[in-house]
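Notes for the one structure printed next.
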Ligand SMILES: Cc1cc2nc3c(=O)[nH]c(=O)nc-3n(C[C@H](O)[C@H](O)[C@H](O)COP(=O)(O)O)c2cc1C
């Protein structure tokens, strides 16, 4: 159970925001397998204000895609306020502010993780967002900019002072990107110093690693990110493992194939056939990770129609060697 402001979620696991990944079809697939709360991909406040068509599309969500948090990125308080006005017309449950994105294009404009180098400015922005948003506000940070400037504890206190209702922390610095050791100690330190809930992120790749995150940091929730790529079952398996140590078996090839088909159908419906199939190509690779189907992956990478992709998924199902190991390793 996890409570953020007045929002109560009956699992401590959330689907992390992932740009280019956490679209509506991806969220729905994860929800069908036990995800109870999801974030949208990062949405630029500026693009929203300029009514960028792709950005507006990112805001759509059916009722079965709730409760849902929207994540915005920006560094200009006036633009952010206008973006929040637009967001108030949508049924999001939480507004998350991104102070974690490490991408050069983002940090070079002072946004995302760039704000970790300007704690005072970040605190002021958080206050503006809390005052202006009509929903509970959370913020996502990293442990710091680099090894020499790990300042998450200070930033976290500033966030709480600004009225933020929950904090997501990726236990890596901006300099680390997505590699290297997750700093469990800094997450634990942040958790100890706050009264608002802390959702930890970093290498939540299996039920056992999620358990480790809880044990080592005392966090209130864990955000699943790369662990869900081609593996929405991580929610079902981790919920069971956290409840009573049950180690569920991995899905068999037929369940994987059926989930792939559902995902593809949702993507084609949401993005249209051409873009939906292109977006599914990388998912074909993720869903079939560890299977002896390299020839199918190569063809999937060039597939252009939904039918072509469906046939590849069906072919995958008929190849005995494509069965992933049915073990119960968590
Ligand atoms: C492809 C990709 C896109 C991401 N996009 C975002 C994003 O838009 N906003 C954000 O706060 N974090 C983003 N992240 C970071 C994740 O939310 C998460 O904090 C990070 O991947 C660490 O968790 P993991 O090691 O379990 O993957 C992204 C990560 C990946 C791999």
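Residue numbers (my numbering): 5 to 334. Every residue gets a Cβ at the ideal spot worked out from N, C-alpha and C, and that includes glycine.
The alpha-carbon of residue 159 is positioned some 13 Å away from that of residue 102. Distances taken from the Cβ of residue 163 to the heavy atoms of ligand 1 include none shorter than 8 Å. Closest in C-alpha terms to residue 124, from the list 190, 47, 26, 155, comes 155. Closest option to residue 112, judged by alpha-carbon separation, among 139, 140, 149: 149. At least one heavy atom of ligand 1 lies less than 8 Å from the C-beta of residue 45. Comparing alpha-carbon positions, the option among 134, 129, 31, 118 lying closest to residue 92 turns out to be 134. Excluding residues up to 5 positions away in sequence, 236, 237, 239, 240 lie with their Cβ nearer than 6 Å to the Cβ of residue 37 in the same chain.
Residue 6 and residue 227 have their C-alpha atoms roughly 12 Å apart.
Membership of residue 144 in the beta strand (DSSP E) is indicated by the continuous run 141-148. Residue environment: residue 232 is assigned as buried (16 or more neighbouring CB atoms within 10 Å of its CB, all protein chains considered). When the alpha-carbon of residue 34 is set against those of 263, 320, 286, 297, the nearest one is in 263. Using a C-beta cut-off of 8 Å, the region 264-271 makes contact with the region 284-297, since at least three inter-stretch Cβ pairs fall below that distance. Taking all protein chains in view, the Cβ of residue 115 is crowded by 16 or more other Cβ atoms within 10 Å, so the residue is classified as buried.
For residue 226, the enclosing beta strand (DSSP E) has its first and last residue at 225-228. Judged by their CB atoms, residue 215 and residue 245 are nearer to each other than the 9 Å cut-off.
The alpha-carbon of residue 178 is positioned some 42 Å away from that of residue 323.
Between the alpha carbons of residue 80 and residue 313 lies a distance of about 43 Å. For residue 21, the shortest separation between its Cβ and any heavy atom of ligand 1 lies below 8 Å. Contact between the region 42-53 and the region 73-89 is present: three or more C-beta pairs spanning the two stretches fall below 8 Å.
For the pair residue 169 and residue 145, the CB atoms are not nearer than the 9 Å cut-off. Excluding residues up to 5 positions away in sequence, 241, 244 lie with their Cβ nearer than 6 Å to the Cβ of residue 252 in the same chain.
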